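Sequence positions in the sequence shown follow the numbering used here and run 1429 to 1863.
Notes for the one structure printed next.
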Amino acid sequence: MTFNLTVNPDRSIIINKATEAHESSSSTTLFSLPAPTEKVNLTPSTPNPKPPATERGSNEPPGLLDVLIAMCRVEGSGNAAIATRNGGIELMCSVCSKLSSGGRHSALVLALEALAAFLHDLQSTESFRLSGGPKILIKILTNETQNVNILNSGFSVVAAASTGNEVLKESFVELHIDELMVTIMKKYNKGSIPCLYDAIRVLLTADDNRVVASQVYGYARQFAKIGIAEALVESLEGGISSPCLVSATIALKAVAVNDEICRSVAENGGIDYLLICIDECGVQGNKIVAKACCSLLSKLAGSDFNKSAIVERGGLNRLITLSSRLADDPSVLQEVMTIICTLCLRSPANASLAMEAGAGDLAIQSMQKFPHSHQLQKNSCLMIRNLVARNPENRPILLSNGIEKIIRNAKESHKSCRDAATAALRDLGLGNYNS
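Structure follows, in structure tokens:
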């Protein structure tokens, strides 16, 4: 079956079903037609869209599908919605199904790229589901484990389709995508399939507003049980030189939903790898990776077993060192404070060690330096609470350095800080904490 794809000069897209034809004719229509004679305007104000995964020769003109993918990736253009309304999802599902048994790998990658570009909202993902998309995709991923480009493009479709759609998450899990992921992660070098990490994150994120009680918590436990947590930990081993470190940490944070999983991450070397990455981030000034690693470490620190592991490895001093090296970035500082806050919760010994490492100075200096960062102000107040709640000896140290005035300023300036600031003033032993 062939389809007529028309790209109008005004960037609108028309996809019309044509007639029954040989498969070769369909493939030619989709993948080899030159671009339309009219110039396609992507508008000067819009950055160049992300290119398809399949690179063409420098002298080969782009096919019509290349143009379509590029246009659908232009943010705010509405072209993906136009393609969806005119049958783009159904078309690409059909094409992917046919190409999966035809051995045309580059064409299949391109079709998967197009499918991912079309999936942009609930209506489009429902069209994907009703077209049998999950089964088609799992079949492709299962049969094409030798082709990294197909796997990466396929997992990009998993991520796009599962975003905001609980039913599709369930469909993929029922098709044992977790087992497939583990097999692929064990087979390939760390970071060679970046979209796989995005797929894990999306599958384990409760983002469907139609659902009151999401099943993603159970999926995370299931993923961890078959070995995805351990496989993700191995992805941290390469340190900050790994191109997928940030994606891997975010995915692992989504998997680590209970104490047992958090503890298994530590037992497999996860905390050691994270602390090494944190050290390297401070030296190299890598704020993005530092924030991602601290966010995961904060999640892992919720386990009492992991609290001890972090402290025993000098984690408090290493975090304070990181904060001094990246002192100009409040987003990193507030992540560091969250970790210290968690480590000190119900642990007077850790609170004493944190004060010795310089956590009190970190709070005072950061709150003074970034008075308009409401999240940093709130995190500072929460950390101060845990530094003094069970350690009355820490109270006069902080009060003598002017912490009361700083906290009251935060309480007055930021509505989101009021409860945390009030609690911090109370735990500092101040009688007028409500004023």
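All C-beta atoms, glycine included, are put in the ideal place defined by N, C-alpha and C.
Quick caveat, the model's predicted, so the values are computed rather than measured.
Check your understanding: Quick one: is LYS1681 buried, meaning 16 or more other Cβ sit within 10 Å of its Cβ, or exposed?
Key -> Locating residue 1681 in the sequence shown gives position 253, counting from the first residue. Label assigned to LYS1681: buried.
Check your understanding: Apart from the five residues just before and just after LEU1703, which ones in its own chain have a Cβ nearer than 7 Å to its Cβ?
Key -> Mapped onto the sequence shown, residue 1703 falls at position 275. Cβ neighbours of LEU1703 beyond the five flanking positions: ARG1741, GLY1743 and ARG1746.
Exercise for review: Tell me whether VAL1640 is buried or exposed, calling it buried when 16 or more other Cβ atoms sit within 10 Å of its Cβ.
Suggested key: As a first step, residue 1640 is located in the sequence shown; it is residue number 212 there, counting from the start. So VAL1640 ends up on the exposed side.
**Study point:** Cβ neighbour criterion (16 or more within 10 Å) applied to VAL1816
**Key:** Indexing the sequence shown from 1 puts residue 1816 at position 388. So VAL1816 counts as buried.
Exercise for review: Go ahead and pull the three-state DSSP assignment for ASN1858.
Suggested key: Working through the sequence shown from its first residue, we reach residue 1858 at position 430. Contrary to the premise, residue 1858 reads as Leu rather than Asn in this sequence. Secondary structure at LEU1858: coil, using DSSP grouped into helix, strand and coil.
Point to revise | Neighbourhood of GLN1796 by C-beta distance below 8 Å, restricted to the same chain and skipping five residues each side | key: Taking the sequence shown and counting its residues from 1, one reaches residue 1796 at position 368. For GLN1796, where only same-chain residues beyond five positions count, the Cβ hits under 8 Å are ILE1834.
Practice item. State the Cα-Cα distance for the pair THR1553 and SER1528, rounded to the nearest angstrom. Key: If you number the sequence shown from 1, residue 1553 lands on position 125. If you number the sequence shown from 1, residue 1528 lands on position 100. Between the alpha carbons of THR1553 and SER1528 lies a gap of roughly 21 Å.
Practice item. Mind listing, in chain order, the continuous alpha helix (DSSP H) runs of no fewer than 4 residues lying wholly within the segment 1809 to 1837? Key: Runs found: 1823 to 1828.
**Study point:** Per-residue DSSP class, three states only, for ALA1852
**Key:** Within the sequence shown, numbered from 1, the residue matching residue 1852 stands at position 424. In this structure, ALA1852 counts as helix in the three-state DSSP scheme.
Practice item. Determine, using beta carbons only, whether SER1808 and ALA1782 come nearer to each other than 8 Å. Key: Residue mapping note: residue 1808 aligns to position 380 of the sequence shown, counting from 1. Residue mapping note: residue 1782 aligns to position 354 of the sequence shown, counting from 1. The answer is no: Cβ separation not under 8 Å.
Practice item. For the segment 1671 to 1680 and the segment 1572 to 1590, state whether three or more C-beta atom pairs, one from each stretch, are separated by less than 8 Å. Key: At 8 Å Cβ cutoff, the stretches do not touch.
Review point. Using the C-alpha atoms, what's the distance from ILE1517 back to LEU1608?
Key: Here residue 1608 refers to the residue found at position 180 of the sequence shown. Here residue 1517 refers to the residue found at position 89 of the sequence shown. Using only the alpha carbons, I get a separation of about 24 Å.
Point to revise | Contacts around ARG1813, its chain only, beta-carbon distance under 7 Å, and the 5 residues preceding and following it disregarded | key: For the purposes of this step, residue 1813 is taken as residue 385 along the sequence shown, with counting starting at 1. The beta carbon of ARG1813 sits closer than 7 Å to the beta carbons of ALA1851, ALA1852 and ASP1855 from its chain, once the five residues preceding and following it are set aside; these are given in chain order.
**Study point:** Proximity winner among GLY1531, ILE1621, GLY1560 and VAL1717, relative to LEU1519 (alpha-carbon distances)
**Key:** Position 91 of the sequence shown, counting from 1, holds the residue named residue 1519. That would be GLY1560, whose Cα lies nearest to the Cα of LEU1519.
Point to revise | Pairwise C-alpha distance: GLY1857 and PHE1546 | key: Position 118 of the sequence shown, counted from the start, is the residue given in the question as residue 1546. Position 429 of the sequence shown, counted from the start, is the residue given in the question as residue 1857. PHE1546 and GLY1857: Cα-Cα distance of roughly 58 Å.
**Study point:** Inter-residue spacing [alpha-carbon to alpha-carbon] between VAL1576 and ILE1564
**Key:** In the sequence shown, residue 1576 corresponds to position 148, counting from 1. In the sequence shown, residue 1564 corresponds to position 136, counting from 1. Cα-Cα distance, rounded: 18 Å.
Check your understanding: Thinking C-beta only, is ASP1626 closer than 8 Å to GLY1592?
Key -> For this step, residue 1592 is matched to residue 164 along the sequence shown. For this step, residue 1626 is matched to residue 198 along the sequence shown. Contact: no.
Exercise for review: Please report how far the alpha carbon of ILE1831 lies from the alpha carbon of ARG1774, in whole angstroms.
Suggested key: The count along the sequence shown starts at 1 and reaches residue 1831 at position 403. The count along the sequence shown starts at 1 and reaches residue 1774 at position 346. Approximately 22 Å, taken between the alpha carbons.
Review point. Can the beta-carbon of LEU1728 be found less than 8 Å from the beta-carbon of GLN1762?
Key: By 1-based counting over the sequence shown, the position of residue 1728 is 300. By 1-based counting over the sequence shown, the position of residue 1762 is 334. The criterion of a C-beta distance shorter than 8 Å is not satisfied by LEU1728 and GLN1762.
Review point. Under three-state DSSP, which class holds ASP1757?
Key: Indexing the sequence shown from 1 puts residue 1757 at position 329. Of the three classes helix, strand and coil, the one that applies to ASP1757 here is coil, per DSSP.
Review point. Three-state secondary structure (DSSP) at PHE1459?
Key: Counting from 1 along the sequence shown, the entry for residue 1459 is found at position 31. With a pLDDT of 42 at PHE1459, under the threshold of 50, the modelled position of this residue cannot be trusted, and the question is left open.
Review point. If you compare alpha carbons, which of SER1731, ILE1767, ASP1687 and ARG1753 is closest to SER1723?
Key: Looking up residue 1723 in the sequence shown gives position 295. Here the closest residue by C-alpha is ILE1767.
Practice item. Assign LYS1843 to buried or exposed, taking buried as 16 or more other Cβ atoms, counted over all protein chains shown, within 10 Å of its Cβ. Key: Taking the sequence shown and counting its residues from 1, one reaches residue 1843 at position 415. Its Cβ having fewer than 16 others within 10 Å, LYS1843 is exposed.
Practice item. Quick one: measure Cβ to Cβ for SER1555 and THR1512, integer angstroms, because I've assumed they're closer than 8 Å. Key: As a working mapping, residue 1555 is identified with position 127 in the sequence shown. As a working mapping, residue 1512 is identified with position 84 in the sequence shown. A Cβ-Cβ separation of about 7 Å places SER1555 in contact with THR1512 under the 8 Å criterion.
Point to revise | Proximal residues to LEU1584 (C-beta, below 6 Å), its chain only, five neighbours per side dropped | key: Mapped onto the sequence shown, residue 1584 falls at position 156. According to the sequence as given, residue 1584 is Ser; it is not Leu. Only residues of its own chain outside the window of five on either side were considered, and among them ALA1544 and CYS1623 have a CB closer than 6 Å to the CB of SER1584, listed in chain order.
Practice item. Return helix, strand or coil for ARG1741, following the three-state DSSP convention. Key: In the sequence shown, the residue the question calls residue 1741 occupies position 313. Look at ARG1741 here: in three-state DSSP terms it is coil, with no helix or strand label.
**Study point:** Contact under 8 Å by Cβ, VAL1644 with LEU1660
**Key:** The residue labelled residue 1644 in the question sits at position 216 within the sequence shown. The residue labelled residue 1660 in the question sits at position 232 within the sequence shown. No. Outside cutoff.
Practice item. Give the secondary structure of PHE1798 by DSSP, where H, G and I count as helix, E and B as strand, and everything else as coil. Key: Translated into positions along the sequence shown, residue 1798 becomes position 370. It is coil, neither helix nor strand.
Check your understanding: Taking ILE1566 as the reference, which of CYS1521, ASN1696 and ALA1652 has the closest Cα?
Key -> Translated into the one-based positions of the sequence shown, residue 1566 becomes position 138. The shortest C-alpha to C-alpha distance from ILE1566 to any of CYS1521, ASN1696 and ALA1652 is the one to CYS1521.
Exercise for review: Would you grab the beta carbon distance between LEU1540 and GLY1582 for me? Rounded to a whole angstrom, and I think it's under 8 Å.
Suggested key: By one-based count along the sequence shown, residue 1540 stands at place 112. By one-based count along the sequence shown, residue 1582 stands at place 154. Between GLY1582 and LEU1540 the Cβ distance is about 6 Å, and since that is below 8 Å, they are a contact.
Practice item. Can you have a look at ARG1638 and say buried or exposed, based on whether 16 or more other CB atoms are within 10 angstroms of its CB? Key: Counting from one through the sequence shown, the residue named residue 1638 turns up at place 210. Counting Cβ neighbours within 10 Å, ARG1638 comes out exposed, since fewer than 16 surround it.
Check your understanding: Is it the case that the Cβ atoms of PRO1671 and GLY1713 are separated by a distance below 8 Å?
Key -> Against the sequence shown, residue 1671 aligns to sequence position 243. Against the sequence shown, residue 1713 aligns to sequence position 285. PRO1671 is not a Cβ neighbour of GLY1713, given a cutoff of 8 Å.
Practice item. May I ask which residues mark the beginning and end of the alpha helix (DSSP H) holding LYS1567? Key: Position 139 of the sequence shown, counted from the first residue, corresponds to residue 1567. Run containing LYS1567: 1561 to 1571, per the alpha helix (DSSP H) assignment.
Practice item. Grab me the residues of LEU1603's own chain with a C-beta within less than 8 Å of its C-beta, minus the 5 sequence neighbours each way, in chain order. Key: Reading the sequence shown from its first residue, position 175 is the one you call residue 1603. Taken in chain order, the residues that qualify are PRO1562, LYS1563 and ILE1566.
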